[in-house]
Amino acid sequence: MELQDGDEVRHLAGCLLVFHVECLDAWLSSHTSCPICRAMAS
């Protein structure tokens, strides 16, 4: 899903990519890395 103005976003310190909060939280509930580059979440 594309980011829109006003969307609540979060980034992973290991890679600095930006994701919707809900999308990233769902991913991180079962993974410990970035969904794009696989850098470890910190």
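Here the sequence shown is numbered in this note's numbering, starting from 126 and rising by one per residue.
Note that CB positions come from ideal geometry on N, CA and C, so glycine has one too.
Since the structure is predicted, the reported quantities are computational estimates derived from the model, not experimental observations.
Other residues of its chain near Q167: CB distance less than 8 Å, five sequence neighbours each side excluded: Note that residue 167 is Ser in the sequence shown, not Gln. Within the same chain, S167 has close Cβ partners L137, A138, G139.
First and last residue of the uninterrupted beta strand (DSSP E) at R163: Membership of R163 in any beta strand (DSSP E) is not indicated, and neither H nor E is assigned to it by DSSP.
Enclosing alpha helix (DSSP H) for L140 [first to last residue]: Note that residue 140 is Cys in the sequence shown, not Leu. Careful: C140 lies outside any alpha helix (DSSP H) and carries neither H nor E.
Neighbourhood of C159 by C-beta distance below 7 Å, restricted to the same chain and skipping five residues each side: L137, G139, C140, L142, A166
Selection from G131, C162, R135 that minimises the alpha carbon distance to H145: R135
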